[in-house]
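**Q** The structure that follows is given in the form of structure tokens.
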Amino acid sequence: MTNNNFDSKAFRTALGTFTTGVTIITATAADGTRVGITANSFNSVSLDPPLVLWSLAKTANSLPVFSESRHWNVHVLSVEQEPLSGRFASRGDDKFAGLELDEGMTEAPLLPDCTARFQCRTAFMHDGGDHIIFIGEVLGFDQSDLPPLVFQSGQYALTARKPREEVRLTQAEPPPECSYTEDLLGYLLGRAHFQMVNRLQALLDEQQLEQAQFFILSVLCIRDGLTLAQINEYIAYTGYTVDQDDMDVLIQCGHVVIEQGRYRMTADGRDASLHQIAQAKAIEEEIVEALGPGDAMALKLLLKRLIARTDPGLPDLWAVSS
Ligand SMILES: Cc1cc2nc3c(=O)[nH]c(=O)nc-3n(C[C@H](O)[C@H](O)[C@H](O)COP(=O)(O)O)c2cc1C
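The opening residue of the sequence shown carries number 1 in full-length UniProt numbering; numbering runs sequentially from there.
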């Protein structure tokens, strides 16, 4: 059944707008050959009895094994498993090479570290055009907190939850003549930054350090032995420029020494810096907990993209020095 007026590329593109998770479905043949494919056609069918489905292209190498095996496992992939998705979407010889497997209920291979897993027995197989539709009875399942990998319009994506209630920072309407709104990206970024950094302030007060001196210590903690000019290059992104007075404060409190025009951290300085990092990590942990790991990962990814997009060409602090 073909329709010559049907633009199959456009059809595929339109279908791709339906956002899905990504699964790997595995089975083992009677002779022990293991097969697995990446599939996003997975879906739920019935709760009672518990049934799920997916469809397999008739051209797939694994079709004979899936058609004959009584069992197969569906693995809902987590974000970190994107490389596995690529591996099982290619026509490799042994896609399981080097992979550690968990003990499953059946002979079908069971992959670890997934968002969810469904161990199934084939209930029905239906012809579905150029695919075969597999319907399976779920014998067992499990689930983790790992954020799921998403597939949208031919690209991998992350989930960011949309709260039922709109998040509004103010309930008041801005005056009509004011074009400054809470949705201005610069405002959101600035406010988020200051609200987070201000939570470090208590520690900096205790350590009797200004923000600029905190930035200096963070830079020296990553890369020691810099000149004042180099330090300023590395902290340029903060908007601060530090001078000799800032360095003298750090020298006087024993955090930094100067040797031939280059600043080095002392053991005391490293200790102060480690406390700051520990505090920053504790603040982050609390925020990740509140946002959820998937949203936190999506936030970081978007921030990195924004930073890369707006980078005026700053030196790379983490790059190995020549
Ligand atoms: C995100 C994604 C989803 C896919 N979904 C399916 C699917 O639902 N059914 C299918 O037959 N192939 C699907 N594929 C393609 C198969 O993974 C691919 O053809 C694989 O190489 C088949 O393996 P095999 O030939 O070893 O059986 C998908 C590929 C990707 C990247």
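All residues carry an ideal CB built from backbone N, CA and C; glycine is no exception.
Excluding the five sequence neighbours on either side, which residues of its own chain have a C-beta within less than 7 Å of the C-beta of residue 364, listed in chain order?
**A** What the structure shows of the chain is the stretch from 1 to 322, and residue 364 is not part of that stretch, so it cannot be assessed.
**Q** Return the residue from the list Ser-153, Glu-259 and Ala-60 that minimises the CA-CA distance to Gly-16.
**A** For the purposes of this step, residue 16 is taken as residue 16 along the sequence shown, with counting starting at 1. Gly-16 has its Cα closest to that of Ser-153, out of Ser-153, Glu-259 and Ala-60.
**Q** Looking at Val-22 and ligand 1, is the gap between the Cβ and the nearest heavy atom below 8 Å?
**A** Sequence index remark: in the sequence shown, residue 22 carries index 22 (1-based). At least one heavy atom of ligand 1 is nearer than 8 Å to the Cβ of Val-22, so yes.
**Q** Would the beta-carbon of Thr-59 fall within 9 Å of that of Phe-151?
**A** Within the sequence shown, the letter at position 59 stands for residue 59. Within the sequence shown, the letter at position 151 stands for residue 151. Not in contact: Thr-59 and Phe-151 (Cβ atoms no closer than 9 Å).
**Q** Report the partner residues of Ser-90 according to the DSSP bridge assignment.
**A** As a working note, residue 90 is residue 90 in the sequence shown. Answer is none; Ser-90 lacks a bridge partner.
**Q** Among Val-65, Cys-114 and Gln-213, which residue has its Cα nearest to the Cα of Leu-250?
**A** Residue 250 sits at position 250 when you count from the first residue of the sequence shown. Answer by Cα proximity: Gln-213.
**Q** In the DSSP assignment, find the beta strand (DSSP E) that holds Ser-55 and state where it starts and stops.
**A** Counted from its first residue, the sequence shown places residue 55 at position 55. 51 to 57 is the span of the beta strand (DSSP E), which, as asked, contains Ser-55.
**Q** Do you know offhand how far Gly-295's Cα is from Ser-44's?
**A** If you number the sequence shown from 1, residue 295 lands on position 295. If you number the sequence shown from 1, residue 44 lands on position 44. Residue 295 is actually Asp in this sequence, not Gly. Each residue's alpha carbon lies about 25 Å from the other.
**Q** Could you name the residues of the same chain whose beta carbon sits closer than 7 Å to that of Gly-313, not counting the 5 residues immediately before and after it, in chain order?
**A** Stepping through the sequence shown from its first residue, residue 313 is reached at position 313. Nothing listed; no residue qualifies.
**Q** Which runs of the alpha helix (DSSP H) fall wholly inside the UniProt domain "Flavin reductase like" (15 to 158) and span at least 4 residues, in chain order?
**A** Runs found: 63 to 68 and 82 to 88.
**Q** For ligand 1, any of its heavy atoms closer than 8 Å to the Cβ of Ser-67?
**A** The residue labelled residue 67 in the question sits at position 67 within the sequence shown. Every heavy atom of ligand 1 is 8 Å or more from the Cβ of Ser-67, so no.
**Q** Using the DSSP secondary-structure output, state which residues sit across from Glu-259 in a beta bridge.
**A** Your numbering for residue 259 matches position 259 in the sequence shown. DSSP output for Glu-259 lists Arg-262 as bridge partner(s).
**Q** DSSP state of Leu-189, grouped into three classes?
**A** Position 189 of the sequence shown, counted from the first residue, corresponds to residue 189. Looking at Leu-189 - three-state DSSP - the assignment turns out to be helix.
**Q** If the criterion is Cβ atoms closer than 9 Å, does the pair Ala-29 and Pro-64 meet it?
**A** Here residue 29 is taken as the residue at index 29 of the sequence shown, counted from 1. Here residue 64 is taken as the residue at index 64 of the sequence shown, counted from 1. For Ala-29 and Pro-64, yes; Cβs fall inside 9 Å.
**Q** Leaving out the 5 sequence neighbours to the left and right, which residues in its chain are closer than 6 Å to Met-105 when beta-carbon positions are compared?
**A** Working through the sequence shown from its first residue, we reach residue 105 at position 105. These residues qualify, in order along the chain: Gln-119, Leu-139 and Gly-140.
**Q** Looking at Arg-91 and ligand 1, is the gap between the Cβ and the nearest heavy atom below 8 Å?
**A** On the sequence shown, position 91 is the one that residue 91 refers to. It does: the Cβ of Arg-91 is within 8 Å (strictly closer) of some heavy atom of ligand 1.
**Q** Near Leu-188, which residues of its chain fall below 8 Å by C-beta distance, leaving aside the five closest residues on each side in sequence?
**A** Locating residue 188 in the sequence shown gives position 188, counting from the first residue. Answer for Leu-188: Glu-182, listed in chain order.
**Q** How many Å lie between Gly-128 and Val-52 at the Cα?
**A** As a first step, residue 128 is located in the sequence shown; it is residue number 128 there, counting from the start. As a first step, residue 52 is located in the sequence shown; it is residue number 52 there, counting from the start. C-alpha separation (whole angstroms): 16 Å.
**Q** Does the stretch 257 to 270 touch the stretch 220 to 234, meaning 3 or more C-beta pairs lie closer than 8 Å?
**A** Segments in contact, yes.
**Q** Can you name, in chain order, every residue of its own chain whose Cβ lies under 8 Å from the Cβ of Leu-301, other than the five neighbours on each side?
**A** Position 301 of the sequence shown, counted from the first residue, corresponds to residue 301. Once the five neighbours on either side are set aside, the close Cβ partners of Leu-301 are Leu-158.
**Q** Taking Cβ to Cβ, would you say Glu-137 is nearer than 9 Å to Ala-123?
**A** What you label residue 137 is simply residue 137 of the sequence shown in a count that begins at 1. What you label residue 123 is simply residue 123 of the sequence shown in a count that begins at 1. For Glu-137 and Ala-123, yes; Cβs fall inside 9 Å.
**Q** Could you name the residues of the same chain whose beta carbon sits closer than 8 Å to that of Gly-254, not counting the 5 residues immediately before and after it, in chain order?
**A** For this step, residue 254 is matched to residue 254 along the sequence shown. Correct list, in chain order: Thr-266, Asp-268 and Gly-269.
**Q** Can you check which of these residues, Gln-211, Ile-37 and Ser-62, is closest to Arg-87 by C-alpha distance?
**A** Counting from 1 along the sequence shown, the entry for residue 87 is found at position 87. The residue with the shortest Cα to Cα distance from Arg-87 is Ile-37.
**Q** Does the beta-carbon of Phe-6 have 16 or more other beta-carbons within 10 angstroms, so that it is buried, or is it exposed?
**A** Sequence index remark: in the sequence shown, residue 6 carries index 6 (1-based). Exposed is the call here.
**Q** Among the residues of its own chain, which have a CB less than 6 Å from the CB of Met-247, if the five just before and after it don't count?
**A** Start at 1 with the first residue of the sequence shown, and residue 247 comes out as number 247. Nothing meets the Cβ criterion.
**Q** Sort Pro-163, Ile-216, Leu-220 and Gln-81 by Cα distance to Gly-239 and report the nearest one.
**A** Within the sequence shown, residue 239 is the residue found at index 239, counting from 1. Ranking the options by Cα distance to Gly-239, first place goes to Ile-216.
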